[in-house]
Structure formats: C-alpha cells, structure tokens
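The structure appears below as structure tokens.
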Amino acid sequence: MAAPIVEKSQTANAGKYQYKYASLADTLRVADEQYHVRVDNDMQMMDWMDLQGVIRRMPVMMTRYRERDKPDAEWSEWSGHVPVMPTGGSNPMQAWGVAMSYAKRYSIQLALGMASEDSDSQPAPKPRQPKPSTEQQTQTINALLKTVGITDVQGAHDAYLNALAGQQVHKASDLNDMQAEQVIAYLNAMMQRMAQQNAQRTIEQAKENSNEQSG
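Going by the UniProt record's numbering, the sequence shown opens with residue 1, and the numbers climb by one from there.
Given below as structure tokens:
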C-alpha cells in the first residue's frame, strides 16, 4: 500500500520556476488524519559524523509516535534523526525557529515514511527571471557548507560545480538567486543523506554494544 501523501500547500522558488512544498502543519495534519498517530519531537546534542568522517557535536531533531486513539499506547523508538542548522541572519532567534521547524518537518516525514504528492498534475509553473542572490541565501549556503563538513575553498568550489552542472562559480555571493537555490537544494540533499547514514550507524552501534554486553 502506498504511503499517505503530504500535500504541498506552501510556495517557494526553485530553479527557473516556483514550486510548492509540504509545511510542518501539512505534515502534522497527515500524521493525525491518515496515520492516526500523535507525534512527539525531541532535540538533543549528539556526536554526528559529517561526510568527511569527522565527529562533531550538534543538535539533532528526532521523532517518536504512538496511536492517536489509544491514550495508553506505547511510544515508538526515536527515529528520523535530522541535524538542526540555523542559517544566520540578523535575527538569531528567528533563524533557530526556522531551522527547528525544518528539522521537525523532515524528521516526522522520515520517521513515518511519508511521501510528497506528485506534482505532475499541478498547473504549469511560472517562469522566473534570475536576480542577484540575497544575503540570506549566501548565509544559508555558507552555513550548509559548514554543516556538511566543507570548510575549504576547493571543497566549496566542487560543491558549486556539482550543484550547477559544471557552471564555474567561485563563491556564494557570485551566484544569482536561482543558482543559489540550486546549491541550497544540493546541500540540503547532502544533509539528508548524512542524517540517514548517521541514524543507521547509531542503530548498528547500539546493536553492537548490546551484543557485547550480552556476551
């Protein structure tokens, strides 16, 4: 049976077009109405391995859930681990709020195995014209680069090449807004892969520790 679909009610820009994405409210609604579960999030400081194999201490969001209509139902194990990454800006509290909302949304979707709606039936997207990238986009890219363990100029340049299919860009401030969105999407995908890989490593390590103790 196919996973319940999270409808995309929020609009954002990507590439040459505008697209819709599923908000935290959309995700919680689907968890309640279609999965019939209550969800609970927690954020803890954890040792997290970046793509270069370096263990760093960072806040990680996780999710557990239980049946909605059974008050005495047991909670699931914590899963859906997603790093929380504030992107900077002039308002640190707002940046933290956005990062936590983002992490909660993807943590719940990972924990429950939610799918996003197919966009093939959506109305034709509207073409966009490129504009200079914003300061917020530049800060977001720099924060994401740091989070995934890219701290040198060559590493950043390679990330731009991969995200932009070989277009030569040397620093985030040289990007236009559409290129910046491509880079952010590419780095976010890297972050999600890291989250899944680290969650799997955590599970495997816990099993190894349990086997050693029982042995």
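C-beta: ideal position from N, C-alpha, C; glycine also.
Excluding its 5 nearest sequence neighbours in each direction, R68 has C-beta neighbours in its own chain below 6 Å: H36, V37 and R38, listed in chain order. Between the alpha carbons of M194 and D72 lies a distance of about 34 Å. Boundaries of the alpha helix (DSSP H) harbouring V153: V153 to A163, taken from the DSSP string. When only Cα atoms are considered, S79 and E181 end up about 28 Å apart.
Residue pairing by DSSP places S79 opposite T63 in a beta bridge. No Cβ-Cβ contact shorter than 8 Å links V148 with L164. Approximately 6 Å separates the beta-carbon atoms of P130 and D177; this is inside 8 Å, confirming the contact. Of all alpha-carbon atoms in Q197, N211 and R105, the one lying nearest the alpha-carbon of R29 is that of R105. Here the alpha carbon of Q168 sits roughly 13 Å from the alpha carbon of G155.
Per the coordinates, the alpha-carbon of E74 lies some 10 Å from the alpha-carbon of R64. A199 and H81 do touch by the CB rule: their CB atoms are close to 4 Å apart, below 8 Å. Relative to N162, the option among T151, Q179 and W96 whose CA is nearest is Q179. Within the model, the alpha-carbon separation for Q139 versus I55 is close to 23 Å. The C-beta separation of P59 from V84 comes to about 4 Å, placing the pair in contact by the 8 Å criterion.
Annotated three-state conformation of D69 is coil, per DSSP. Taking the Cα of A25 as reference, the smallest distance to any Cα among W48, Y102, P86 and K70 is reached at Y102. A distance below 8 Å separates the beta carbons of N142 and A172. Residue burial annotation: Q44 is exposed, with fewer than 16 other C-beta atoms found within 10 angstroms of its C-beta. Annotation: the continuous alpha helix (DSSP H) that includes E135 extends over E135 to T147. If you look at D26, you'll find it in the alpha helix (DSSP H) that goes L24 to E33.
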